[in-house]
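Undergrad: Numbering (this note's numbering), first residue to last: 82 to 1311.
Idealized CB from N, CA, C, for every residue including glycine.
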Amino acid sequence: MYRPLRILAVIVFFISAVPLHAQLQFDVLSTDGTFYPEIRVVFEAKDGAGNSIIDFQTSDFTVVENGIIRPVTSVSCPPPITPPVSLTFVFDISFSMSLDNRLQNLKDASTQLVQELSYPPAASAVTTFDDSSAILTPYTSNRASILSAISSLAPTGGGTDFYGAFTDAVTGAIDVTKGRAGDKYIIFMTDAFQNLTAALETQIINAARAADIKVYSVTVSPNTVNMSLRRIALQTGGRWFEDVLTAQDAQGIFDQIGDEIFIYPPCTLTYETDGCDLERSLSVTLRKIGRSVTRNTTVTVNWNSIVALDVITPVVDFGQVTGTKTMNAVISGRGAPYEVTSITSPVSTFRILDYGGTAPPFTLSPGQSRTIRIQFRPVNTDRIEARLNIVCSAPCVESVIMVGGVHDPTPMKLIEPNGGEKLFSGSTFRWSWSGVTASQAAEVEYSTNSGSTWSSVTDNAYNSFYNWRIPVTPSEECLGLAMTKEERIASLDDVWTGEQPAAVMDIAVAPSGILTAAALANGHVKLFYPKDAAFVTILEAHSGSAKSADFSPNMPWLATGGSDGYVRIWDLRDGTMIQEMAGNGNVHTVRFSADGSYLVAGSNQYVALWQTWNWVRAWRHNGDTHADGAVDIAPGNKWIASGNGNTISILNFSDGGRNRSLSGHSNFIRSLDVADDGMTIVSGSDDRTVRLWNTITWQQIRAMSGHGGGVNSVSASNAMGRIISASDDDDIRIWDGRDGSLLHTLKGHTANVNGAAFDRKTKLIVSGGSDRKIRVWGYVPPLADKSDSLWTIIATVTDLQGDAPLFDPLTCPDTWSDGDAVFVNTGNQNITVSSARIAGTDAAAFEFRSGFSIPPDVLLMPEDTLRVPLRFFPARTGDFDALIEVDTDVPGNPTISLPISGHKDTVETRVLPDTLNAGELYTCSLPAQLQFIMSNEGTVNAVIDSVDTDLGESVSFPSVFPRILLPGQSDTVTVLVHPTAFGNMQGFVRMRTTPCDFEEDLFITADLVPTAIVAEPNPVIFDFAAVGDTSFTQVVLRNPTVTNMVLDSLAFLISIPPFAVLDSSAWLDSLALPDTLAPGDSITLRLAYFPQSEGDAQGALYFHTSAPCDDSLVVPLIATSSKKPSIAYSSEQFANLLCADEQTSSATATLRNTGGLPLNISALQFEGLHPGDYQILSPTAPLIIDPGENETVIMEFNYQAVGSLREATLVVLSDAENEPRVEIPFSARK
């Protein structure tokens, strides 16, 4: 349990490189913000030994709140509390305690503990012991009496009796302590070495346990290991301390005992703060005992404690009006009275009509409110916004946002081509667009593959139109794109409002650009005015982290989703919650539809859709969301895109059913954004890529790489001209949506960027991240618009083009592949097809499906298609070539030939050998490594894609599966065999290969045999032998295995008596180690025990074998002994018979057994001159005297003749070792 450090120095290297006392435990238990601006932090600290630390300075702490270091003003710790406790001090006062100040050191340490305890509720008693025990002071709560008793202690000349000191019926420590109030302790202090027998130890332990007493033992003699006291302390729930040699050692131990008795209330730290946040992140660092520990927590400030001007109506939206309109904004005071100096509007469009009382300056008291009447007088229909300027002495001021007019989210519009047009190559077509001035240059591009790639029409068009000569690029999947050339980064890396109280999880910008919402990890959603970063209000949105926010298109609402599993809807006019929808799991994404009539939410468990006109849930789809639950709604409410692990699921809008999946990402998808025209999806993933998907072809357009971490947020500008991505690499990137090139990298965040959004109205990119910062960049994106739907380019040629079927390569028996040969009239003239046939060398391997035939004169008009259904069904393996010949009326080329081809491979794998035998195995040789060869003798790749076995954990494969074998390739496969039980093992390993799911079986056999040497008996228990006698026994070593065993060494772990090997030197010479034991062979070893002192003795024999395994065996040796019986005696003489009436006189002799075994008295008799004059009244022989016991012999003298002296001798015959015949002389006379 405890030894001073000087003794541990030899072993501390093996235990720990850091002493226990150098470790530091520090925990923050609670925080209290009700006394704002003073914050209180309740904590506790302990050293590595578990001792409470209560001595602190303010300089020991550093407090960081929302990234700001706050001054620590005070640290206080209440004094330790003494609980109701009963403590018995037990002092050894034998002679040896006078040495080396042993008793004095313990007296001083005990005195200090008594002075630190509170009496009452504590109570103590003081007992002592040497050969016997005594109560020096019975239980009392009088501190002076206890201290006086300890002070009076002095060593005696006696011996030591542990058993009596604990269990004496009157003065023993257990009897004194039991039945006392509260927790009960015995502090047992001694320098003696006394090994109690197991029976006596058990009696002490059971008695202490029954009385619910913990025993602490303190041994003050050097280099003493007292196993009896260790066991008593440990098994009663106490502790033991040894080698306590100095006053400092003793004081340190009693300090530890006191730490376990005292109750230490937690300490309190206070610091001063300011600011407007209700919930603040808190980091507290303690530096003590050479260590530093930091704990993170949060603190909530009482809302009414912060002096603030609150805005009841943060957004005043006048909408579109033709004349003037008046609305109200309500402000309210909080915390303490303050002066409002001025309230003004920065633009004349908004005018203040009334201040709800006297005009500023005025005083606003807590709870007092004023209604500000504001008039909106528009001069045009453009969207106008401004922030009401409120100047006051309150440290926290919310904002009023005033907006009016109509917001146009897509000012640029591509008029032609806009979908459905048919353009002929070689002719001229006029592109036109609106929404930009005639002097603004535009780039014009077109795509022939639904927007997957783009080709330039012109890079410098003015006046909102361009005449285009149509190239020969026929396609039915054409799209047009017009984009302005204006784009720039206006400013870099501004920071809004300093550090937030928690990580920023999402950023949302209102469609009109008048508000920005930041979703925080503490559950709050903060609203800002983006033009100047003015704080508007805080929504206490969620009990967990706020994960997502989204403004409705017409901006009456803000939707939020959080880790508490709720979606909540907030009225932006007054900040109230108007709707709450419960879901399953963390809500990671909320998105309104483009028309505002629906809201979709995604979590890691589900996708749910609500109708916003009545907030009724339309449907919920389970099983298609993982990771961050990314979702978005396509324009026109056609479908919903949902992240499903590393794929994108396209869900049916009406019922949530899955229509299709888009694969390409290799890790969880974190964010999705559907383009304004619905033709493209942009996705961001943990695989560090941004990908574009064509929603016409449902194919991936491209992947954009460059981020050094997972992509958390993606958003696209109009027509996908620009894409913004935010990543765990702390960066924001701007990409060209047409070709995927990287245009700009925005750096400034110092941790994961979780959200980024941009708005053309404010010309800002706003981002938030795990560094708790909101950063803005001035960014002017280009304006752009695409065709609303596909249009067509047609080549002015007359031709019948054929598209050959792509038959799947065949590999397995009895399989076929179907395909269609497609003939398309790509010209402008009708074509008549009269017949079709299959020709060529391998025509027999192909056939028309379902009895297909061409009736006479099939007319194909321009763009018409003729599909010829074919089947490839070969009878052999190899390559096959044929032709589809079609007879037409095309001038100059009436017969159109279309080559077709197919291929069938051979699949064949083989395993050699088909049986593996591991043979006999031993535990030291596991696992056995076996190998076999898997060969591909076919003509197609074979994949070993799964392995099955009936041997369970007894076999394993270090090789990686699946494994690919090329044609003609062989691969060596390693099998590890490690049986889990002794005996024979056999089973199979089955390998499945694709294609065709062929199976190959490999049989494995093995036999695991034991290798340990056996000793009988084990342990070896000697017959009892008295001190000086000898007890003999033997141990037999046997090889139980089926193979030779090599015994290479043995050792006798006790180097001195009482144990020995008989004839050891001769026996060892004859053994000639190492020696080989054949299976079943044995060796007999004779042993002797000759005790030299009484008590229990233990030892061990050690045997080591080197084959078949490196193994060892320790055989315990157990014996017990006591001293032989020994006799001591004393007697008194008979009185003479002096008076006539005296007939007899009596005397006694006392016999005492001073040995360790029972003393057998075989005879008690008088001999000598006059034995007949004496008589033994009691006892009678034979009799037995137990060790330490006395027997009194009562005798009588009866002689009636007066005269001479009568003499006789009492003879005692026994088995005493010291004096088997005792003669005690007696004489008397009448």
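Using DSSP with H/G/I as helix, E/B as strand and the rest coil, what is proline 1252?
TA: helix
Undergrad: One question on the structure: do asparagine 1017 and glycine 1064 come within less than 8 Å of each other, judged by their Cβ atoms?
TA: no
Undergrad: Measure the C-alpha to C-alpha separation of arginine 701 and alanine 682 and round it to an integer number of angstroms.
TA: 10 Å
Undergrad: Going by alpha carbons, who is nearest to alanine 685 out of Ala663, Gly710, Ile313?
TA: For the record, residue 685 in the displayed sequence is asparagine; it is not alanine. Taking only the C-alpha atoms, the option nearest asparagine 685 is Gly710.
Undergrad: Report yes if the C-beta distance between glycine 759 and threonine 778 is below 8 Å; otherwise report no.
TA: no
Undergrad: If you compare alpha carbons, which of Ser916, Ile455, Lys612, Leu753 is closest to tryptophan 858?
TA: Lys612
Undergrad: Between which two residues does the beta strand (DSSP E) holding phenylalanine 1338 run?
TA: In this structure the chain extends from 82 to 1311, so residue 1338 is not present and cannot be described.
Undergrad: Is it right to say glycine 253 is buried, meaning 16 or more other beta carbons lie within 10 angstroms of its own, or is it exposed?
TA: buried
Undergrad: By Cβ distance below 6 Å, which residues in the same chain neighbour threonine 1235 in space, the five residues on each side in sequence not counted?
TA: Residues Ser1207, Ala1209 of the same chain have their beta carbon placed closer than 6 Å to that of threonine 1235, with the five preceding and five following residues left out of the count.
Undergrad: Would you tell me roughly how many angstroms separate the C-alpha atoms of valine 428 and asparagine 470, rounded to the nearest one?
TA: 10 Å
Undergrad: Decide if isoleucine 96 is buried, meaning its Cβ has at least 16 other Cβ atoms within 10 Å, or exposed.
TA: Unreliable placement is indicated for isoleucine 96, whose pLDDT of 27 sits below 50; no coordinate value is reported for it.
Undergrad: Could you tell me if proline 1306 is buried or exposed, where buried requires 16 or more neighbouring beta carbons within 10 angstroms of its beta carbon?
TA: exposed
Undergrad: Tell me which residue opens and which closes the alpha helix (DSSP H) that arginine 1119 is part of.
TA: That residue, arginine 1119, is in no alpha helix (DSSP H); its beta strand (DSSP E) goes 1112-1119.
Undergrad: Among the residues of its own chain, which have a CB less than 7 Å from the CB of leucine 1149, if the five just before and after it don't count?
TA: Any answer about leucine 1149 is weak, because its pLDDT of 49 lies below 50 and its placement is not dependable; what the coordinates show is given next. Nothing meets the Cβ criterion.
Undergrad: Where are the beta strand (DSSP E) runs, 3 residues long or more, that stay fully inside the segment 788-874, in chain order?
TA: 792-797, 803-808, 812-817, 823-828, 834-840, 845-850, 855-861, 865-867
Undergrad: In three-state DSSP terms, what is isoleucine 433?
TA: strand
Undergrad: Leaving out five residues before and five after aspartate 272 in sequence, what residues of the same chain have Cβ atoms less than 7 Å from its Cβ?
TA: Asp173, Ser177, Met178, Arg183, Thr300, Val301, Ser302
Undergrad: My guess is that glutamate 360 and threonine 381 are in contact by the Cβ rule of under 8 Å, so how many angstroms apart are they, rounded?
TA: 5 Å
Undergrad: Leucine 1238: which of Ile455, Thr770, Ala1106 sits nearest, CA to CA?
TA: Answer by Cα proximity: Ala1106.
Undergrad: For isoleucine 453 and glycine 818, I'd like the C-alpha separation in whole angstroms.
TA: 46 Å
Undergrad: Let me know the secondary structure DSSP gives isoleucine 1025 once reduced to three states.
TA: The three-state secondary structure of isoleucine 1025, taken from DSSP, is strand.
Undergrad: So, are the CB atoms of phenylalanine 1069 and aspartate 1088 less than 8 Å apart?
TA: Cβ distance not < 8 Å, so phenylalanine 1069 and aspartate 1088 don't count as in contact.
Undergrad: What residue does the beta strand (DSSP E) around asparagine 740 start on, and which one ends it?
TA: 739-744
Undergrad: Which class does cysteine 1005 belong to by DSSP, given the choice of helix, strand or coil?
TA: helix
Undergrad: Are the CB atoms of histidine 830 and aspartate 809 nearer to each other than 8 Å?
TA: No; because the gap between Cβ atoms is not below 8 Å, this pair is not in contact.
Undergrad: Classify threonine 444: buried if its beta carbon has 16 or more other beta carbons within 10 angstroms, exposed otherwise.
TA: exposed
Undergrad: Report yes or no: do three or more beta-carbon pairs, one from the segment 468-484 and one from the segment 525-534, lie closer than 8 Å?
TA: no
Undergrad: If I measure Cβ to Cβ from serine 423 and keep anything under 8 Å in the same chain, skipping five residues before and after, which residues do I get?
TA: Pro441, Pro442, Asn470, Ile471, Val472
Undergrad: Roughly how many angstroms separate the alpha carbons of aspartate 655 and valine 396, rounded to a whole number?
TA: Each residue's alpha carbon lies about 7 Å from the other.
Undergrad: Determine the burial state of isoleucine 73: buried for a count of at least 16 other Cβ atoms within 10 Å of its Cβ, exposed for fewer.
TA: No answer is possible for residue 73: it lies beyond the span of the chain, which begins at 82 and ends at 1311.
Undergrad: Going along the chain, which unbroken runs of the alpha helix (DSSP H) with 4 or more residues stay wholly within the segment 321-366?
TA: You should have 328-342.
Undergrad: Please report the straight-line C-alpha distance between glutamate 944 and tryptophan 696, rounded to a whole angstrom.
TA: 48 Å
Undergrad: Just list the residues that DSSP pairs isoleucine 764 with in beta bridges.
TA: The amino acid at residue 764 is misidentified as isoleucine; the sequence shows serine. Bridge partners of serine 764: Leu753, Arg772.
Undergrad: Does DSSP put arginine 312 in a helix, a strand or coil?
TA: helix
Undergrad: Since alanine 1228 and glutamine 1214 should fall inside the 8 Å C-beta cutoff, what is the C-beta to C-beta distance between them, to a whole number of angstroms?
TA: 6 Å
Undergrad: Is the Cβ-Cβ distance between asparagine 1279 and glutamine 1246 less than 8 Å?
TA: Result no, Cβ atoms of asparagine 1279 and glutamine 1246 do not sit closer than 8 Å.
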